[in-house]
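Under our numbering, the very last position in the sequence shown is 1377; numbers go up by exactly one each time.
Beneath this line is the structure, given in structure tokens, with notes to follow.
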Amino acid sequence: MKVPLLLPQFLDRAVKLYGEKTAVIDELKEFTYAEVNERVNQLSRGLRELGIEKGDRVAYLAPNSSEMYEGFYGVLQLGAVIVPLNTRLIPDDYVYILNHSETKALFVDHELYSQIEPVADQLKTVKTIIVHGLEISGDGLVAYEQWLSQYEKHEIDRPEMEEDDLATLLYTSGTTGKPKGVMLTHRSNYLHALASMHHLRVSDRDVLLHVLPMFHVNGWGSPFYYTANGATQVCLRKVLPADIFKKLNDYGVTVMHMAPTVLNSLLQFSEVNGFTKQPQDIRIVIAGSAPPPAFVKRVEEELKWEFIQVYGMTEASPLITTSIIRDTQEHLKPEEKYRLKAKAGYQFIGSDVRVFNELGEEVKHNSQEIGEIAVRGNGVMEGYWNNQEGTDEVIRGGWYYTGDMAVVDKDGNIEIADRKKDIIISGGENISSIEVEGVLYDHPAVQEVAVISVPHEKWGETPQAIVVIKDGLLTSEEELIAFARSKLAHFKAPTKVIFADELPKTASGKIQKVHLRKEFWKEKEKFVN
């Protein structure tokens, strides 16, 4: 027997087993799984009346909210494709993405509509704009709740769907060139959800605080696997440390997904304001950049939260590895475990993850030889939307090449060395900016740091650190360089340190080194010497 793996089945299960349980908490609004299902059915009926059919694209520009969550299921049970939009883009980016994806309907939060309004007349295929939080429809805009209330709540007739149908179209951040639309099917998202819920130990006892934006690779797929397990999901519209700690206490949150920069802000907040350990166990799932072991130690010893490092990318649904301690490693000392947890780790079930050198051979498992991470598995994308050339550049010989450089230790754990384009080659020596950052993070005055390559007359290029200092503390360029030299080979230490109030980040909290490098390479034809 073959039954198609379809994402709406996750909500179906939750309704059947947890219908009266609180599903979503969004500020003053709370909905049970049965109520969510009714609203999802109303949404699907409304979309159908707008002419949305199987395969049509429907876009969402919204923070983490109940309306955003409803979109995943209301769109997908029609066989339509959801296009989540990064909330931090500029209006011209939305014009490109919406036109490139040929989106027919756009849902936008009332607080974000100002990003769409100036370019609304440039949207070629969007026929309807529906606004979350708008009270009354008018001026060509449709008020979400008013519109939703017109439609019946009972089950809808779903079109015939196959697991290989496109489900989500996710546009990459576009740090180079135009954003690319990553095509993920029901099957890819479904099997990714099964693997993720296993490795992250998701259960019906969980309360998830949606810290990671739902638009960011579908919130790493969390609206799928937490729903499948009947977990309660709490929406966080804005990432404010005080708000996060309050919700931890108010709702008994057991798990959060976030970027390291967000977790760092929680550490800083607790350091200044004091911290009372919650009675419930809390798991923190981290991805986005490799944290230093000292960072892992602080989370587990100061906050008493379990630190779970994962690694992935939009093109793989996204998660493909984890560094959760295996039973064969339980005998290790705490410091050794922190070192392991800071690595990308080992492959998820359903993902074959390897590191290849330039000859296409697997690197030696000696923590020395650097190669590029590649993956093949059920979660890997079908390709980039209307971009065969871009697809062929990254999917070669049945593998998706990530552009991330890494080494592998003797036990098969992968450790990121750098983005391929971020490796610093100084005087012929390879330098991992992540290694240098890890040392600088150990300095008590450093809150955030990014290490980039800058041109150098003698060495070609050398590492430079851009540092954000903790409030109330002082340090100097000379002190930080000396500190790095005391812990690193001298050629790896930064030759220059500059200070900044903040570092540029993506919406998920990942530091955008490309923007930092541009300033120092603007007189050059390329980013390397």
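Idealized CB from N, CA, C, for every residue including glycine.
Predicted model, so just to flag it, every value in this text is computed and none were measured.
- Taking a cut-off of 8 angstroms on C-beta distances, the region 1259-1268 touches the region 1279-1299, as three or more cross pairs fall below it.
- By the CB criterion at 8 angstroms, G1067 and P1061 fall inside the cutoff.
- Excluding sequence positions up to five before and after R896, its CB lies within less than 8 angstroms of the CB of L926, I1004, all in the same chain and listed in chain order.
- DSSP places L1114 within a helical segment (H, G or I) once states are collapsed to three.
- The closest CA to that of S1113, considering only D1052, G1238, Y1038, V1294, is found on V1294.
- Put simply, of Y1159, R1049, N885, M1104 the residue whose alpha carbon is nearest the alpha carbon of I1132 is M1104.
- Using a 10 angstroms sphere on the CB of T1102, the tally of other CB atoms reaches 16 or more, which defines it as buried.
- F1347 counts as exposed, since fewer than 16 other C-beta atoms from the protein chains shown sit within 10 angstroms of its C-beta.
- A direct Cα-to-Cα measurement between Y1289 and S1356 gives close to 20 angstroms.
- Within the model, the alpha-carbon separation for E1008 versus D1257 is close to 47 angstroms.
- Under the rule that a run must span 4 or more residues, the alpha helix (DSSP H) segments found entirely inside the region 953-1023 read 992-996.
- Along the length of the region 1309-1355, whole alpha helix (DSSP H) runs at least 4 residues long occupy 1325-1333, reported in chain order.
- Distance from the CA of E883 to the CA of T1239, rounded to the nearest whole angstrom, comes to 41 angstroms.
- In the DSSP assignment, A1138 forms no beta bridge with any residue.
- Straight across, the Cα-Cα distance linking M1106 with I1134 is about 5 angstroms.
- With fewer than 16 other Cβ atoms from the protein chains shown falling within 10 Å of its own Cβ, S1215 counts as exposed.
- Contact annotation, M1229 with L1032: C-beta distance approximately 6 angstroms; criterion of less than 8 angstroms satisfied.
- Per DSSP, the unbroken alpha helix (DSSP H) holding H1047 starts and ends at 1034-1047.
- With fewer than 16 other Cβ atoms from the protein chains shown falling within 10 Å of its own Cβ, T1124 counts as exposed.
- Measuring C-alpha to C-alpha distances from Y1074 to each of P1303, Q857, L1088, D1052 identifies D1052 as the nearest.
- A1090 carries a helical assignment under DSSP once its states are collapsed to helix, strand and coil.
- For V888, the CB contacts under 8 angstroms within the same chain, skipping 5 residues up- and downstream, are L859, E918, Y921, G922, Q925 in chain order.
- The region 1197-1216 makes no contact with the region 1089-1102: fewer than 3 CB pairs, one atom from each, lie closer than 8 angstroms.
- In the three-state scheme derived from DSSP, where H, G and I count as helix and E and B as strand, V1228 is classed as coil.
- Distances from the CA of P939 to each of V967, D1054, S914 were compared; the closest alpha carbon is that of V967.
- Take the alpha-carbon of Y1249 and the one of H1034: they are about 22 angstroms apart.
- Between I1218 and N1278, the C-beta spacing is below 8 angstroms.
- Pairwise C-beta distances place the region 955-969 in contact with the region 903-912, as three or more of them are shorter than 8 angstroms.
- Nearest Cα to V990 within the set M916, E1000, T976, D1252: T976.
- By the 16-neighbour rule on beta-carbons within 10 angstroms, T1170 is buried.
- The C-alpha of V1316 lies about 14 angstroms from the C-alpha of K1361.
- Sorting R1224, F1143, R1187, K1185 by C-alpha distance to the C-alpha of F1204 places R1224 at the top.
- If you check the CB distance, P1108 and P1139 come in under 8 angstroms.
- No residue range can be given for L1180, since it is assigned to no beta strand (DSSP E) and is classified by DSSP as neither H nor E.
- For T935, no alpha helix (DSSP H) segment is defined, and its DSSP state is neither H nor E.
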